[in-house]
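Asks: Below you'll find the structure I mean.
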Amino acid sequence: MEIKIPVGHTFKVEQIVEEKHTAAQYGSGLAKVFSTPALVALMENAAYRSLEEFLPQGFSSVGTEICIKHLKATLPGDKVYAISKVVEVDRRRIEFEVEAYDSKGLIGQGRHQRFIIENQKFMAKLAEE
Numbered sequence: 024m025e026i027k028i029p030v031g032h033t034f035k036v037e038q039i040v041e042e043k044h045t046a047a048q049y050g051s052g053l054a055k056v057f058s059t060p061a062l063v064a065l066m067e068n069a070a071y072r073s074l075e076e077f078l079p080q081g082f083s084s085v086g087t088e089i090c091i092k093h094l095k096a097t098l099p100g101d102k103v104y105a106i107s108k109v110v111e112v113d114r115r116r117i118e119f120e121v122e123a124y125d126s127k128g129l130i131g132q133g134r135h136q137r138f139i140i141e142n143q144k145f146m147a148k149l150a151e152e
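For the sequence shown, my numbering assigns the number 24 to the initial residue and increments by one for each residue that follows.
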């Protein structure tokens with residue numbers, strides 16, 4: 024089965040930073056600011072959701088690599104958003120550029136890789152290990 028995902032396709036997700044998204048709550052630091060793990064999750068969410076419309080029933084994607092820079096702190100209450108852009112498609116491997124912003128501008132950027140999986144086969148293989 025050939026799955027066609029267009030290079031250049033973009034997708035945006037947004038959320039309000041809550042206390043549960045802070046470094047102090049994630050355990051990644053003591054600061055009560057938007058944590059790097061939460062930033063990564065937001066970027067991954069934009070990438071995986073961007074693929075949903077192109078995948079047949081029973082298929083999904085898994086993140087396999089991410090390299091980002093967290094450039095600026097964001098306080099709780101601020102809106103953040105991430106944009107993913109498909110930059111390369113090699114069969115089931117999809118490469119993205121990801122960026123994140125708050126109300127003041129760019130807060131993070133990098134690259135992310137995902138692989139398309141067939142859900143049942145993927146889980147069955149894990150059960151065999």
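Note that CB positions come from ideal geometry on N, CA and C, so glycine has one too.
Per DSSP, Ile106 is paired with what?
Replies: Lys35, Glu122
Asks: What do you reckon, are the CB atoms on Ile140 and Ser58 nearer than 8 angstroms?
Replies: no
Asks: Cβ of Tyr104 within 8 angstroms of Cβ of Val56?
Replies: no
Asks: Going by the beta-carbon positions, is the gap between Ser107 and Ala70 smaller than 8 angstroms?
Replies: yes
Asks: From the DSSP output, read off the bridge partner residues of Leu149.
Replies: Within the DSSP bridge table, the entry for Leu149 names no partner.
Asks: Can you check DSSP and say which residues form a bridge with Pro140?
Replies: One detail in the question is off: residue 140 reads as Ile in this sequence, not Pro. Beta-bridge pairing links Ile140 to Ser83.
Asks: When the Cβ atoms of the segment 128–143 are set against those of the segment 76–96, are three or more pairs found closer than 8 angstroms?
Replies: yes
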